[in-house]
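Residue 146 in my numbering sits at position 165 of the sequence shown; the count goes up by one each step and never skips.
Only one structure is covered here, and it is reproduced in the block below.
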Amino acid sequence: MRLNANDLVQLGIFTSVYLVVYFGLNMIGAVSPLLQPAGTAVAVLLNGITFMLYLSRVQKFGLITLMTVLLGVLMTVAGHHPVTLITALVCGFAADAFARQGRYTAGLTTAVAYGVMSVWASGAYLPLLFMREPLVAQYRVQMGDAWADSFSSLYTSEFIVTFVVVTVLVGIVGGLLGRKAVDRHFRPAGLA
-18 MRLNANDLVQ LGIFTSVYLV VYFGLNMIGA VSPLLQPAGT AVAVLLNGIT FMLYLSRVQK
42 FGLITLMTVL LGVLMTVAGH HPVTLITALV CGFAADAFAR QGRYTAGLTT AVAYGVMSVW
102 ASGAYLPLLF MREPLVAQYR VQMGDAWADS FSSLYTSEFI VTFVVVTVLV GIVGGLLGRK
162 AVDRHFRPAG LA
């Protein structure tokens, strides 16, 4: 993979847009943990457009991985669990592989790539499967008892697994909608 200045500019622009949408919609989780899954689902759905527009401009293996790793680093600095870095790397690489199979243009293949990529943020929740008590205690200090109790009762092991599966499915739908938006609006305007 050989990157040029344009690739890096596109990486920076689209990672920033993705992060603003993701972070902004997930902030509703500060109000109540019950709102967090909805914020994530809407962010994944809307960022399907961001991702597909990004793919229309850069079609090199590794750029999806770089985007997800960069998102993982930024969200870890913002407070996500460090496991997010691992899920970002794995999901980004897998998404790159899917997108490459479809030569970065096939609608369903790139939508599946986006669905897989969208799971990167699950690194914030996966530690609840193996170190629940210390994390809930940390949330209790940061967010208060009521928030931590609500979070702990919602984010069971079953819920986390379901959340990951639903994130992939919402990502695929977001990718298909994003592909349609790129083809219908951005490409005719000369932006894709």
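Glycine included, C-beta positions come from ideal geometry on N, C-alpha and C.
Everything numeric in this text was worked out from a predicted model, so none of it was measured.
CA-to-CA distance, residue j to residue i, given in whole angstroms
i, j, result
"Ala75", "Gly156", "15 Å"
"Glu139", "Ile9", "23 Å"
"Met(-2)", "Gly125", "Per the sequence presented here, residue -2 reads as Val, with Met not at that position. Rounded to whole angstroms, Val(-2) to Gly125 spans 31 Å at the Cα level."
"Val2", "Arg121", "27 Å"
"Gly20", "Asn7", "5 Å"
"Lys41", "Met(-18)", "7 Å"
"Asp(-12)", "Tyr85", "15 Å"
"Leu89", "Ala105", "27 Å"
"Asp164", "Ile141", "34 Å"
Whether residue i touches residue j by CB criterion (8 Å)
i, j, result
"Gln(-9)", "Val39", "yes"
"Phe144", "Pro14", "no"
"Thr68", "Thr57", "no"
"Ile30", "Ala162", "yes"
"Arg160", "Thr49", "no"
"Leu36", "Phe167", "no"
"Ser131", "Val117", "no"
"Ala80", "Ala94", "yes"
Which listed residue (the options) has its alpha carbon closest to that of residue i
i, options, result
"Val12", "Ala127, Val146, Leu158 and Tyr136", "Ala127"
"Leu26", "Thr(-4), Leu55 and Val154", "Val154"
"Val151", "Asp164, Glu114 and Ser99", "Ser99"
"Gly73", "Leu16, Val54, Leu116 and Gly88", "Val54"
"His62", "Ala78, Leu0, Leu109 and Gly88", "Leu109"
"Pro0", "Leu52, Leu47 and Phe32", "As written in the sequence, residue 0 is Leu, which differs from the Pro given in the question. Cα-wise, what sits closest to Leu0 is Leu52."
"Gly96", "Val149, Val71, Phe79 and Leu172", "Val149"
"Leu47", "Phe32, Gly60 and Asp164", "Phe32"
"Asn28", "Ala173, Leu158, Gly171 and Ala170", "Leu158"
"Gly5", "Val23, Ala173 and Leu135", "Val23"
Assigned secondary structure, residue i (DSSP; H/G/I helix, E/B strand, else coil)
i, result
"Ala87", "coil"
"Lys161", "helix"
"Pro166", "The displayed chain sequence assigns His, not Pro, to residue 166. His166 falls in the helix class under three-state DSSP."
"Gly43", "coil"
"Met56", "helix"
"Leu(-16)", "coil"
"Ser138", "helix"
"Leu172", "coil"
"Val12", "coil"
"Phe144", "helix"
"Phe111", "coil"
"Tyr95", "helix"
"Tyr(-1)", "helix"
"Tyr120", "helix"
Residue i - containing alpha helix (DSSP H), residue span
i, result
"Trp128", "Asp126 to Leu135"
"Met33", "Gln17 to Arg38"
"Phe74", "Val64 to Gln82"
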